[in-house]
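I have placed the structure first, in the form of structure tokens, so that the comments after it can refer back to it.
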Amino acid sequence: MNLYLRAIYKLNMHKTLDLKRYAEQISVMDIDTVKIKEAILKHKAKKVAIQIPEGLKMQALKISDEIEKLGVSTLIIADPCFGACDIPDHGMKQLGCDLIVHLAHSQFIKNTEIPVVYVEYRSLDNPSSILSKNVSRLSGIKNIGLVTTVQYIDYLPELKTILEKNDIKTFIGKPKLATYSGQILGCDQSAAKDVEDNVDAFLYVGTGLFHPLGIARATDKTVFCLDVEKKEIYTIDGEYQKYLVRTEMRKIKFHEAKKVGILVTTKTGQMNKNVFEIKSEIEKMGKRAYIISMNFVAPDKILGMKLDVLVNTACPRIEEDLVFPIPQINWDSVRKSL
Ligand code: SF4
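In this note's numbering, the protein residues as written are 58 to 395.
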């Protein structure tokens, strides 16, 4: 697999598995066409761009057929979609679209060049029985923070009831960027931060390491994962310790570097407009800094540039998900180490 494909694969892994399972469970009729119709009427849309995460692309043509029954022409955006921030509104406007239907994430970006309707999805896998069977894995925990992604958000009250019946006081925090109480995004753990002072640990409901590692990074607390795929509960403490070691190594590489690339994306939802200030700050440290701009972030694009290290200002999770030919570190991590 070349670096470009590996980039797509890794960046989508944390959600693709979930979405593929979902795609197998749903019929196209489960897509919230009422919400889409309301948006079409509200915005008097005639040409609608449909943005579909990788895991749902097998349904793309059927979804397009279904939306066209609402009396509009559609366009399918085939570029990889990495999150709710990843809205190609500028390009779609140039193509004449007057609405983007963004499937599977909750609302994130509010100011776009053309309207965007976020059509969420919910998992049909109720995680309650997994919690009931495995709640003993939480023994010793008296207070816990409960967090998840949008697809399991409706199950939080039921999970809270099970935890409290087992004498574990449960806290569900309010997020700053995400939409629902208890909801986290790869780049927004504020629902966990909101309750971190009240809890001994967090219980994350979902799959994979991507989100639970984000919670551990943000709060430095033990994170248990209620894994809906493996149907078990485990901690990610070991993975978090490895992450901390990797971060220390990255800081050392940054401080040793003479030529620094500053990675900025032109995707509006991930764009850091302070890159020139960041460049000045880095150059004040006695280093030479080069701003490297790209839309889709892929390691191949810097091959041949003789940089010592890459400072990432785009999606903060790229730091862990993409393998660049040189060490990379998030700008926030650099600042914290100064
Ligand atoms: S910035 Fe990254 S983690 Fe945040 S929504 Fe976008 S893709 Fe997801």
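C-beta: ideal position from N, C-alpha, C; glycine also.
Asked	Found
Proximity of V380 and P356 at Cβ, strictly below 8 Å	yes
Test item: CB-CB of Q108 and I88 under 8 Å	no
The ligand MG heavy atom lying under 7 Å from the CB of D143	With respect to small molecules bound, the structure shown includes the ligand SF4 and not the ligand MG.
For K150 and V174, the rounded distance between their alpha carbons	15 Å
Residue from P214, I97, I187, G202 with nearest C-alpha to E286	I187
R374 versus Q385: straight-line alpha-carbon distance, rounded	11 Å
Limits of the unbroken beta strand (DSSP E) element including A346	345 to 351
Inter-residue Cα distance where the pair is L292 and L160	Note on residue identity: the sequence assigns Thr, not Leu, to residue 292. Going by the C-alpha atoms only, they are around 31 Å apart.
Beta-carbon proximity check, V317 vs L283, cutoff 8 Å	no
Any non-hydrogen atom of the ligand SF4 closer than 7 Å to C244 Cβ	yes
Neighbourhood of L360 by C-beta, 7 Å cutoff - its chain only, sequence neighbours within 5 removed	P382
Boundaries of the beta strand (DSSP E) in which H159 is found, first to last residue	156 to 161
Near the ligand SF4: G148 beta-carbon under 7 Å from a heavy atom	no
Three-state secondary structure assigned by DSSP to T218	helix
Exposed unless 16 or more other CB atoms sit within 10 angstroms - verdict on K299	exposed
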